[in-house]
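In what follows, a single structure is set out as C-alpha cells and then discussed.
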C-alpha cells in the first residue's frame, strides 16, 4: 500500500518511511474517496482557512528564541531530517548555526541516537578546517538541536560548477586543508565516512579561501584494535 504524509498529503512508495519535505513519519495512504472526505469535511463558510492563521513550527522558527539563549535569525537550509538556522547568542551576540531535528524524527530512537553520536564526536573536533559541534540541547517540549559555529561560504561542488575548473594551486591548498582536518579526526579515532564536494565548504578570511569539512552525521568512532 502506498505511504502518505499526514501533514502535507504527499504520497510515497510503500518502502518510504519519512516525508522528504517536512520529516513527518508516513502512514498508510488513504483510499482516494476517503482522502477527499477528510479534505472537504471542514470546508464551508465558517471554516477558518489555514493561511489565515500564523504557523509556527520547527520549519519556521525565525524570530523566536530557542532555549532562552539563541535568537533565531533565519533559516539557511533544510533536509529530510533537520532544519538549519542562523542564530545569535543573546548574551554574547556570537553567530551560530543551529541544526534542529524534525519533530517526527525527534521521537525516533535511531535518529536521536545518530544525532547524539554526531554531537559526541563533533564536540571533540575543534579545528580551523572542521565544522565542529559546540553543544547539543534538548528542550522541555522535546525539541532536539545541535549548535555549531556559523560557517559562511560556498559548497565546493557549487564552486566547481561556478568557476568551471579549479586551479592546481587551489586544488592543492584545499586538499591539504581537508587532510589537516581529517588528520585531527583520525587521531581521535573518528572516521567521517561521507567525504564529498557537497560536504566541503570553501570559506574566505582576509581575502584568502580555505576549506572546511562539514557534516559528521555519518561518522563513526574507530575503537582501539578495530
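Numbering (our numbering), first residue to last: 234 to 459. Even glycine gets a Cβ: it sits at the ideal position worked out from N, Cα and C.
Please state whether DSSP places residue 302 in a helix, a strand or coil. In the structure shown, residue 302 sits in coil (DSSP, three-state: anything other than H, G, I, E or B).
Going by the beta-carbon positions, is the gap between residue 363 and residue 434 smaller than 7 Å? No, Cβ-Cβ distance for residue 363 and residue 434 is not below 7 Å.
Three or more beta-carbon pairs under 8 Å between the region 446-455 and the region 410-427, yes or no? These segments touch.
Output the boundary residues of the alpha helix (DSSP H) element that contains residue 321. Where residue 321 is concerned, there is no enclosing alpha helix (DSSP H), although the beta strand (DSSP E) it sits in stretches over 315-322.
Under 7 Å, do residue 334 and residue 315 count as touching if we go by C-beta distance? In contact: residue 334 and residue 315 (Cβ atoms closer than 7 Å).
For residue 402, is the classification buried or exposed, using 16 other Cβ atoms within 10 angstroms of its Cβ as the cut-off for buried? Counting of Cβ neighbours within 10 angstroms places residue 402 among the exposed residues, the total staying below 16.
For the alpha helix (DSSP H) containing residue 295, list its first residue and its last residue. Careful: residue 295 lies outside any alpha helix (DSSP H) and carries neither H nor E.
Between the Cα of residue 430 and the Cα atoms of 328, 404, 424 and 293, which residue gives the shortest distance? Ranking 328, 404, 424 and 293 by CA distance to the CA of residue 430 puts 404 first.
Can you look up residue 309 in the DSSP assignment and give me helix, strand or coil? Shown here, residue 309 sits in a strand according to DSSP, grouped into three states.
Can you name the residues that DSSP bridges to residue 377? According to DSSP, residue 377 bridges with 371.
Distance between residue 441 and residue 312 (C-alpha atoms, nearest Å): Near 30 Å, if we compare the C-alpha coordinates of residue 441 and residue 312.
Ignore the nearest five residues each way along the sequence and tell me which others in residue 357's own chain have a CB closer than 8 Å to its CB. Answer for residue 357: 365, 421 and 423, listed in chain order.
So what does DSSP say about residue 363, is it helix, strand or coil? It is a strand residue.
C-alpha gap between residue 348 and residue 295, whole angstroms: Residue 348 and residue 295 have their C-alpha atoms spaced approximately 22 Å apart.
For residue 413, which residues of its own chain have a beta-carbon under 6 Å away from its beta-carbon, when the five flanking residues on both sides are left out? Around residue 413, the same chain offers 362 as residues with beta carbons nearer than 6 Å, after the five sequence neighbours per side are excluded.
Cα separation between residue 329 and residue 293? Using only the alpha carbons, I get a separation of about 17 Å.
Since residue 450 sits in a beta bridge, which residues does DSSP pair it with? Beta-bridge partners assigned by DSSP to residue 450: none are found.
Who are the near neighbours of residue 368 in its chain, counting only those whose CB is closer than 6 Å to its CB and skipping five residues on each side? Contacts found: 380.
Could you have a look at residue 280 and say whether DSSP puts it in helix, strand or coil? Legend: pLDDT at residue 280 = 41, less than 50; position of this residue unreliable, value from coordinates given subsequently. Residue state, collapsed to three classes: coil.
Could you compute how far the alpha carbon of residue 306 sits from the alpha carbon of residue 318? Distance from the CA atom of residue 306 to the CA atom of residue 318, rounded to whole angstroms, is 7 Å.
Spatial distance of residue 399 from residue 360 (CA atoms): So the alpha carbons of these two residues sit roughly 24 Å apart.
With 16 as the cutoff for other CB atoms within 10 Å, does residue 394 come out buried or exposed? Exposed, because fewer than 16 other Cβ atoms sit within 10 Å of the Cβ of residue 394.
What does the alpha-carbon distance come out to for the pair residue 445 and residue 323? Going by the C-alpha atoms only, they are around 26 Å apart.
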